[in-house]
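A short write-up of the structure that comes next.
In the working numbering, the protein residues as written are 92 to 328.
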């Protein structure tokens, strides 16, 4: 089982997505455990303060070191060491399928969802082993990126998906985008499912899918084609 511990200033923001669909089924099956920790439980003073103005006069607010140190040290004492302590931040390593595959092999992950302007750098220097970004843009906090990371990892755990082969054929698993998908009916408003998919010829279907994957990747994400293998009879550009 893979356990996630998620530290956040907004626990209600992340709980609902964890209670539905694949993530809920993964937890119900005992394959994944997600524990959400409200940072304000370790806040300072009467008002449970967790943030303060940054030194140097820049705008915004920064999460204070005391609550985060106390929370992380409490979790480490209670649950033992983590395989990775991940801070979700725009200046981190960009999340990709390879990273999700790697992290899915871990046993315990601690995720820190920043909020406001940033977290005190001393938290990052002391505890964080990996910094992860979900793209070249800025969100209001790390809660949504944390959910993206959890979902990307959890679906790779054996038994989470009903069809174990489904995740293996997803986009990016081997560096290419996925092929188009069709289902019944075979004809709808004059639009037909490609005949090859209805032929029952497994080899022909596989070859069609590979050609479609390469064409779609070449059209939409040519940057992914560096070093990618072309289907038989074709060459990578």
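Quick reminder that beta carbons are idealized off the backbone N, C-alpha and C, glycines included.
C-beta atoms of residue i and residue j nearer than 8 Å
i: residue 304; j: residue 252; result: no
i: residue 241; j: residue 191; result: no
i: residue 180; j: residue 112; result: no
i: residue 277; j: residue 287; result: no
i: residue 147; j: residue 208; result: no
i: residue 203; j: residue 177; result: yes
i: residue 127; j: residue 93; result: no
i: residue 43; j: residue 117; result: There is no way to answer for residue 43, as the model of the chain reaches only from 92 to 328.
i: residue 270; j: residue 221; result: no
i: residue 348; j: residue 96; result: Here the chain has residues from 92 to 328 only, and residue 348 is not among them.
i: residue 156; j: residue 213; result: yes
i: residue 115; j: residue 250; result: no
i: residue 161; j: residue 133; result: yes
i: residue 187; j: residue 279; result: no
i: residue 329; j: residue 175; result: Lying before the first or after the last residue shown, residue 329 is absent from the chain, which here runs from 92 to 328.
i: residue 193; j: residue 99; result: no
i: residue 266; j: residue 230; result: no
i: residue 189; j: residue 232; result: no
i: residue 104; j: residue 130; result: no
i: residue 210; j: residue 153; result: yes
First through last residue of the alpha helix (DSSP H) which encompasses residue i
i: residue 181; result: Not the alpha helix (DSSP H): residue 181 falls in the beta strand (DSSP E), residues 175-185.
i: residue 290; result: Residue 290 -> no alpha helix (DSSP H), and no H or E assigned at all.
i: residue 109; result: 102-109
i: residue 120; result: Per DSSP, residue 120 belongs to no alpha helix (DSSP H) and is neither H nor E.
Continuous beta strand (DSSP E) stretch holding residue i: start and end
i: residue 127; result: 123-129
i: residue 97; result: 93-99
Strand pairing of residue i, partner residues [DSSP]
i: residue 140; result: 135
i: residue 310; result: Answer is none; residue 310 lacks a bridge partner.
i: residue 154; result: 142 and 210
i: residue 282; result: 279
message = Extract the residue ranges of the beta strand (DSSP E) inside the segment 191-275, only unbroken runs of 3 or more that lie entirely within it.
response = 199-204 and 221-224
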